[in-house]
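In the working numbering, the protein residues as written are 331 to 424.
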């Protein structure tokens with residue numbers, strides 16, 4: 331992380347203010363938001379699986395199944411966003 335920070339400071343003189351702000355967003359804020367999204371969607375998926383396995387929720391099973399599938403799709407999308415959005419932008423910033 332220190333190498334990233336020192337490289338960012340060295341290239342600060344060559345960047346304009348909007349480029350510097352977008353570099354900060356891509357290198358620091360976007361990965362943190364993706365990690366929080368993965369963490370919270372995993373928590374929701376665990377809760378939906380626990381509720382779905384409870385036999386008292388026969389009528390709500392389809393909705394819980396849909397919410398679980400949506401959480402799983404969100405986790406996959408956030409994982410893929412690391413490879414599609416964050417890593418190429420990270421490489422370009424360095």
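Heads up, the beta-carbon is just placed ideally off N, CA and C, and yes, glycines get one too.
query                                                                                         : result
Under the three-state DSSP convention, the category residue 404 falls into                    : helix
Check whether residue 394 and residue 371 have beta carbons under 7 Å apart                   : no
Neighbour-count burial assignment, residue 353, 16 or more Cβ in a 10 Å radius                : buried
Helix, strand or coil at residue 301 according to DSSP, with G and I counted as helix         : Here the chain covers residues 331 to 424 and nothing more, so residue 301 does not appear.
DSSP state of residue 345 mapped onto helix, strand, coil                                     : coil
C-beta contact flag for residue 378 and residue 397 at 7 Å                                    : yes
Residue burial classification, residue 369 (beta-carbon count within 10 angstroms, cutoff 16) : exposed
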